[in-house]
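Okay, so here's the structure we're looking at.
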Amino acid sequence: MSSHPPASRVSRALPWLEAAGLGAGLLLAVHLLSLGAFLLPAWRQLTGQVRDEMSALTTHILGFQAALVLGVVLVGALCGVAARVLLLGLGLRPSRLRVAGLGALLAAAQVARTIAHRPALFEDMLWRMGGLRAHFQVALVEGLGERNLDLLLLGLGAAWAVAALVRHHRLLLGRKALFTGGAVLLVALASALPMRSTSQSKGRSIIILAADSLRPDRFTSEGNPRDTTPHLDALRSKSLWVANHFVPIASTTASWTSLLTGVYPHRHGIRDLFPRAEVSNVLLPTLPSVLAAQGYNTAVVSDYAGEMFNRVRYGFDVVDAPPETSVEVFADRESFQRLPLALAFFSGPLGQRLFPVARYLPVNADPSVLTGRVLAQLERLEASDKPFLLVAFYSVTHAPFAPPMPDANAYTRPDYTGSSRYSYELQQLNDLARVSDRPADTDIEQIRALYDGSLRAFDREVGRLVERLEADGVQDRLLVVTGDHGENLFEPGTTTEHGKWFEGGDAANRTALLLQGPGITPGIREGLASGVDLMPTLLDALQLEVPEGLDGRSLLQPLPEDRTVFAETTLWLGGPRSQPPGALTYPALLELLEVEPGTHALVLKRSWMDRTVTAKLRAARRGPWELVYMPTNESPRWRLFDLKADPHAQRDLSSEHPDVTASLRAELLRWMEQDPLRWLDAREHLVYREEQ
Amino acid sequence: MMRARMLVLLVLLAGALGLAFTLRPHAAPPTSPRLIDALANALEVPAPPAEPALLELERFPDTTGHAALAVPLPVEPVRGFVLRVRMAPTDGPRPAITLRSLDAAEAAAFGGQPRPIDGPLPGKELGPCLRSSRAPNGQWMCQRFAHLPSNAGAGLLVISGAANAVRRIEVLNADMPDWRTPGNPILSRLIRRAANASPTGSSWRTGLVARPGGRYTFEVTLPERAELWVGLGHEQGSRGAPVRFIARQDDRVLLDEVVPADLKWHDQRLRLEGEAGQRSRITLEAQAAGGTGEARGLWSTPRVMSASSAPNILLITVDALRADHLGTYGYGRNTSPMIDHVARSGVQFDRATAQSCLTWPSITSLMTGRYPLGTGVQERGQRPPPDLATLPQLLAAHGYDTFAGTDQALFPPIDLSDFDDADRINVFIKPSPRKQLERLAAQFADHPTFAWFHLENVHYPLTPRQPLRFDPGYEGRFQNAFTQEDHNQFMSPGDVTPREQEHINALYDSAIVDADQEIQAMLATLDQHGVLERTIVVITADHGERLGEHGAVLEHVAPHHSVLQVPLIIAWEGKLAVGQRIPSRVQLIDVFPTLLSLAGVPHPPGLDGRDLSPALRGEPLPDVPAYADCKGYFFARYQGDELVIINPEGKESVLSYGLRTTVKPRELYDLAKDPSGQRDIAGEESARAEAASTALRAELERWKRRSTTAEQGHIGQAAIEALQQAGYLQGTPDPEVETARPRE
């Protein structure tokens, strides 16, 4: 009877299935244990009200957990199968114990690699727990290091390959094996060959490389003793450097909208990080929409800080950024960032495709992954014959300043013992709103070093991209490097927030602007520039018509020395305790924000719009002068600073220079009056009988 | 082995489902049929009109030694404007700023320049400059939205006392913006409210500006048998050039009409082609059409409507109608034959109570399903927050056409912006509600409509058609009416004799008959059009009235039983139980979720009212406590037949004409023994009173701790942590919820 063929097929597959099952089971067990150890305590701590709100998301949470389990099981199965292959290769009998053990080792190796490459991901679980775990992380990340770990694994792999060849030489020298081996070798060689990059697109394209919280004064060429920006400095020597670029609001979403529309925030309506649906469709002419009308392809590529490109529609053809945040995304993050296997396996570029939530972890902003996507987009755009606008927005320089190794400890001290070893731990700074509680000097130094490391990581990617751009031989192209705003790094009177005040100088609102291209003379432009100038400048550089009525002007044209530019602050989220003394207060974010029906986005409640806009601090800058306005319940506070002589804005000169104060004050008041939401006058409504 | 295989398969399946679930795209948010609500997602909108100020003055003549400064204002009659006067800080008392209207001759005589003035002032006084506020730069300012009467030639602003302090006077076009899109500086200037004449009265509507050269393009998903409804007209009071209105669906022209500035709405219903679910582009374009003057057209309430079988809703609220004066609630006089008939053919709630003693807060609570503290409207003149879902809003989002017929003196038109059409009615002069309902009845057959009529017959001043109906042969004061002057003069029971009070009560009852006849005419209209069986009829009141009780002749500013008890009758031919009487206590705010259920619309979360539709189908309804909030300082609680009223801050309400009302710190009534709530037994039954008042205070605390829209989208701990990790929130946020909510 024909009982052999099925039996032998099944019996051959069985041990492989068993190996897969062993690996899967083992990893599943570890995953479930970690769920119990890390996640359940966090969930149990939730108060009753929070549990109610989570219950609305129960189906979603369960779905996500199930997906994670599937992912872990599949990886486990892969480890099991690979373990069996390794054992068979060495000629050892693949017993269950050996398969399980080796499978576990393989999984552990990947975990170790992730810890060594992106230590910030595991900092909460290891370094910040202190004791043995902290020592383990330091030993792995800094003692052994990712390079050495990879070399070790490579070495072991090579050793295994040799041993397997020796052991199975007869089998491997058979025809089938030779053919498959040869084919594999050919494919590997072909993909390793560098591709010749060419560009099909005609016309003058624009490439904007941007980084969140980019501080120009931390560049090496601006006086930083550390070698943070070798590539940017090389680029600078061929570019126009705008020294005093002051954005109108130091908050990503609002600032980008001003950068791309050329108007101040009160004209486009996005005043903070939480735009409602009604302002998210930008109805003014934007850089991408104006260029699209001229036949350009447009694309923006970003990581977590750029998720707002999916929420606010500027008219880009392609938006390659994490999907918009919502309560569901936040719930997913809660669990994902606490599960070590999830972090180890799914935080890389492949894993991010399966679990997009991995793109939202601020400690997972590996810029080289983003560069991969930028290069892919560049390929695509250059394959078309239309000119293009490509915006690449990097988040690595944004708090918590968590670059991957080796930049994470490029400038930090090995003997640092605080909690911000690989990334800036913000929660340690409780009540820091009272800026008097400055953290220890060692912490400040460490945080600045982490920032510099992030800057270096960004610079590295700029180098890669510039190299790629130079390789395709296109000369007629505009390259811009900029930021959406700067960052405070413990200047006197500040902490590390941007957009909350104008203390400590202009570090929060000042960012880099570097322009390179045909028709742009390299050099330094000292005159004051504003974020609203970017769009007219770029359109001017492309010799296109600038739309009427923009607040900004082209920086390529001569501008008056005494031009005035303006800025405003963004929302304070921490409640009255976190607001400057004397300011108009409003409650903390729990009362201020809500989940928008339909989009599930975090938005500002309409009932608080007037109050929060009225409470904004405003600033007017002219030359070296900065006039800061703060509304209070009585008369407002006006302060004048000379940022050239007093870069940290510590001396109020309003009484010594009354003429400057008066003229800047008049200008600032005129600018504020154009703000339709400002509660200078109560909004109209009929409260009296209308007699006809 | 089989079990292991099954287990593996199960895990894989669950995981795959989970993965698919998390990777699925978000469902697109539902779009409202009202195109104005979809404006933020429009494909194209015109640039908002930039209107220069009508007047800007910064230089003024010296007025030392003179009584006042007079400034002529060159504004057209009827057209709304905003007046702003900014003054320097003054140590003395603030100057009095008043607005006057001059006819053509007076305006010519006065001239066009501001000058000091003494002696009698020309023209007619319109009113003071209201809403003064302190500006952050130390100046103070007053502001007023106004319009001149139709026979005026110009306005005149008179500043008396310290007129030298005036720094700046501005007169701007009043945009009459829609208060619900404040955040978008472009969109908010494209939406205006205006009143124009409809076939049956004057109708307030929200519209999109239609200036020559402006075009709106929307992409909509067509419902079944879609129609585009829009009213063409011009901005408030505009007498400018005509506008050519062109509406298109994809490339097909639906409408191409020139409409002059004739102060009328020209309503259009345009059939749209296409299958249900198909995407289509609707374009609204305005072009010039000759003529002189500015062309300021409006597309009023453009909406994509569909024939549907959802029921119509006719909500009739009779102002100040007490339940116990209706025949069906046991009154001796035959005041309400029609209402009795409706009760016999529907469901009557025997113990329904209102949540406020004033009209505007009670109606706002009714339209939102929340207690007054939760809506932010406890007093007249307050406005609920823009994100609070209202009944017309929710119904409109589900394809209903919404209409409000009210007396606009009580309901400022800007607050009725949730209704597609807000007509002014006046039950004493034509047109009457019946005429307006006639206009709507035609569409009741196939387009679900929510029509709300607020009848004023029973609210003072009492001017019934037959004053002696229930008191024939009476002669004396108030024989034919109890006028507004009477009401302001004779307020306390001591001001009138018991016989006169009896007659006033008879006037009240006769006024009920008038309201009843009005309702009869309305229902007859619906019956004639054959749409009564597709209409849910709700008859209720916003509050009752005190008739010579508790220290008032005819007034309702305290939460006594006679003020809080309201009728509540719901009838739906063929669908609800007939002649059913429900004794359980219900609240007026329960009408909100009930109507939504009957219409098949989901409820928003966090409501205070409960859904009564199970009771309408015959299921038992448990008795729950009912609450009322009168002006924010008198509170009441019903539990079974026990009513407790408290006045925790010991306040007294003083009305403009002098009526003083107060409530004792604690009052208790046993409505089983004393059905009209006259005898306060708090003194005798102090233990019961204490227990009841404690329960009431606990409920008030609960209201204060909640934020209005907390349930509508609490952001959650996960969001807070995410913001902290990204550095946007330093430290822990303030946990206490601020008790002071922003109110205008």
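Protein chains in written order, with the numbering used here: chain L, 1 to 692; chain B, 1001 to 1744.
A virtual CB, placed ideally from N, CA and C, is assigned to each residue, including glycine.
For clarity, every value in this text was computed on a predicted model and none was experimentally measured.
Using the three-state DSSP reduction, which class does M630 of chain L fall into: helix, strand or coil? Residue numbering aside, residue 630 of chain L sits at position 630 when the first sequence is read from its first letter. Looking at M630 of chain L - three-state DSSP - the assignment turns out to be strand.
Minimum Cβ-Cβ distance from A1422 of chain B to chain L less than 7 Å: Taking the second sequence and counting its residues from 1, the one referred to as residue 1422 of chain B is at position 422. Interface flag for A1422 of chain B against chain L is unset, since no Cβ pair is found closer than 7 Å.
Within chain C, partners of L1564 of chain B - CB distance below 7 Å: Reference to chain C is not applicable here, since the protein chains of this structure are L and B.
Chain L contact residues for D1418 of chain B, given Cβ-Cβ distances below 8 Å: Counting from 1 along the second sequence, the entry for residue 1418 of chain B is found at position 418. Simply none; closest approach about 14 Å.
Which ranges does the alpha helix (DSSP H) cover as unbroken runs of at least 4 residues, wholly within the region 275-356 of chain L, from first to last along the chain? For the region 275-356 of chain L, the full-length alpha helix (DSSP H) segments reaching 4 residues or more read 287-293, 308-311, 327-336, 340-346, 349-354 along the chain.
Ends of the alpha helix (DSSP H) at T252 of chain L? In the first sequence, counting from the first residue as 1, residue 252 of chain L sits at position 252. Its alpha helix (DSSP H) spans residues 252-261.
Along the alpha helix (DSSP H) that carries C79 of chain L, what are the first and last residues, could you check? To locate residue 79 of chain L, count along the first sequence from 1; it is residue 79. Note, C79 of chain L: alpha helix (DSSP H), 58-90.
Are the region 1254-1268 of chain B and the region 1306-1315 of chain B touching, with three or more C-beta to C-beta distances below 8 Å? no
According to the neighbour-count rule (16 or more other Cβ atoms, all chains shown, within 10 Å of its Cβ), is F355 of chain L buried or exposed? The residue labelled residue 355 of chain L in the question sits at position 355 within the first sequence. Classification of F355 of chain L: buried, given that the 10 Å Cβ count is 16 or more.
Check for me: the alpha helix (DSSP H) holding T1335 of chain B runs from which residue to which? Within the second sequence, residue 1335 of chain B is the residue found at index 335, counting from 1. Per DSSP, T1335 of chain B belongs to no alpha helix (DSSP H) and is neither H nor E.
Measuring only between beta-carbons, confirm whether P1372 of chain B sits less than 7 Å from chain L. If you number the second sequence from 1, residue 1372 of chain B lands on position 372. For P1372 of chain B, the answer is no, since every Cβ of chain L falls outside 7 Å of its Cβ.
Taking A211 of chain L as the query, report the chain B residues whose CB atoms sit under 8 Å from its CB, ordered along the chain. The residue labelled residue 211 of chain L in the question sits at position 211 within the first sequence. By Cβ distance, chain B contributes nothing, its closest Cβ being about 15 Å from A211 of chain L, past 8 Å.
Which stretch, first to last residue, makes up the beta strand (DSSP E) that contains I1589 of chain B? Residue 1589 of chain B sits at position 589 when you count from the first residue of the second sequence. Element bounds for I1589 of chain B: n/a, residue is neither H nor E.
Along the region 319-349 of chain L, what residues have a CB closer than 9 Å to any CB found in chain B? P323, E324, T325, S326, V327, E328, V329, F330, A331, D332, R333, E334, Q337
Distance CB(L589 of chain L)-CB(L604 of chain L) smaller than 7 Å: Taking the first residue of the first sequence as 1, we reach residue 589 of chain L at position 589. Taking the first residue of the first sequence as 1, we reach residue 604 of chain L at position 604. Result no, Cβ atoms of L589 of chain L and L604 of chain L do not sit closer than 7 Å.
Among the residues of its own chain, which have a CB less than 6 Å from the CB of R84 of chain L, if the five just before and after it don't count? Stepping through the first sequence from its first residue, residue 84 of chain L is reached at position 84. Within the same chain, R84 of chain L has close Cβ partners A19, P94, V99.
Taking contact to mean at least 3 C-beta pairs separated by less than 8 Å, is the region 28-42 of chain L in contact with the region 330-343 of chain L? yes
Quick one: what does DSSP say G1548 of chain B is sitting in, helix, strand or coil? One-based indexing of the second sequence puts residue 1548 of chain B at position 548. G1548 of chain B: strand per DSSP, three-state reduction.
Name the chain B residues that come within less than 7 Å of A66 of chain L, Cβ to Cβ? Counting from 1 along the first sequence, the entry for residue 66 of chain L is found at position 66. The contact set of A66 of chain L on chain B, defined by CB atoms closer than 7 Å, consists of A1014, G1015, L1017, G1018 in chain order.
Just checking my contact of L361 of chain L with R333 of chain L at CB under 8 Å: how many whole Å lie between their CB atoms? On the first sequence, residue 361 of chain L is found 361 positions in, with the first residue counted as 1. On the first sequence, residue 333 of chain L is found 333 positions in, with the first residue counted as 1. Taking C-beta atoms under 8 Å as the contact rule, L361 of chain L and R333 of chain L qualify, at a distance of about 7 Å.
Establish whether the CB of A1050 of chain B and some CB of chain L are separated by less than 7 Å. Residue mapping note: residue 1050 of chain B aligns to position 50 of the second sequence, counting from 1. Cβ-Cβ to chain L under 7 Å: no for A1050 of chain B.
For the region 394-421 of chain L, list every residue whose C-beta sits within 8 Å of some C-beta in chain B, in sequence order. H398, A399, P400
Classify E1044 of chain B as buried or exposed, calling it buried when 16 or more other Cβ atoms lie within 10 Å of its own Cβ. Taking the first residue of the second sequence as position 1, residue 1044 of chain B is located at position 44. Label assigned to E1044 of chain B: exposed.
What do you reckon, are the CB atoms on H245 of chain L and A507 of chain L nearer than 7 Å? For this step, residue 245 of chain L is matched to residue 245 along the first sequence. For this step, residue 507 of chain L is matched to residue 507 along the first sequence. Contact flag unset, no.
Measuring CA to CA, which of L:G131, L:E596, L:V138, L:A104 is closest to A120 of chain L? Here the question's residue 120 of chain L lines up with position 120 in the first sequence. The shortest C-alpha separation from A120 of chain L is found at L:V138.
Given that P362 of chain L touches chain B, what residues does it touch there, using C-beta distances under 7 Å? For the purposes of this step, residue 362 of chain L is identified with residue 362 of the first sequence, where counting begins at 1. Result: Q1725, A1726.
How big is the Cα-Cα spacing for E445 of chain L and D652 of chain L? Taking the first residue of the first sequence as 1, we reach residue 445 of chain L at position 445. Taking the first residue of the first sequence as 1, we reach residue 652 of chain L at position 652. Cα to Cα, E445 of chain L sits roughly 28 Å from D652 of chain L.
Give, in chain order, every unbroken run of the alpha helix (DSSP H) that is at least 4 residues long and sits entirely within the region 596-651 of chain L. 609-614
Residues that T286 of chain L contacts on chain B, provided the C-beta gap is smaller than 9 Å: Looking up residue 286 of chain L in the first sequence gives position 286. Those do not exist, as T286 of chain L stays about 13 Å from chain B at its closest Cβ, beyond 9 Å.
Residues of chain L with CB under 8 Å from Q1386 of chain B, in chain order? The count along the second sequence starts at 1 and reaches residue 1386 of chain B at position 386. According to the sequence provided, residue 1386 of chain B is Pro. The question's Gln does not apply to it. The contacting residues are R606, S607.
Should L27 of chain L and V72 of chain L be called a contact, given that it needs their Cβ atoms to be closer than 7 Å? Locating residue 27 of chain L in the first sequence gives position 27, counting from the first residue. Locating residue 72 of chain L in the first sequence gives position 72, counting from the first residue. V72 of chain L is positioned such that its CB atom lies closer than 7 Å to that of L27 of chain L.
Please return the same chain residues whose Cβ sits closer than 8 Å to the Cβ of A331 of chain L, not counting the five positions on each side in sequence. Residue 331 of chain L sits at position 331 when you count from the first residue of the first sequence. Counting only Cβ-Cβ distances below 8 Å, and skipping sequence neighbours, we find M54, L57, H60, I61, F64.
Output needed in chain order: residues of the region 568-585 of chain L with a Cβ under 8 Å from some Cβ in chain B. Residues L573, G574, G575, P576, R577, S578.
Here's a check: name, in chain order, each residue in its chain whose Cβ is nearer than 6 Å to the Cβ of A1689 of chain B, leaving out the five neighbours to either side. For the purposes of this step, residue 1689 of chain B is taken as the residue at position 689 of the second sequence. So the qualifying residues of the chain are R1666, L1668, A1682.
Inter-residue spacing [alpha-carbon to alpha-carbon] between M129 of chain L and S420 of chain L: As a working note, residue 129 of chain L is residue 129 in the first sequence. As a working note, residue 420 of chain L is residue 420 in the first sequence. So the two alpha carbons sit approximately 12 Å from each other.
Looking at chain B, is there any beta carbon in it that lies within less than 7 Å of the beta carbon of A383 of chain L? Residue mapping note: residue 383 of chain L aligns to position 383 of the first sequence, counting from 1. It does not; no Cβ of chain B falls within 7 Å.
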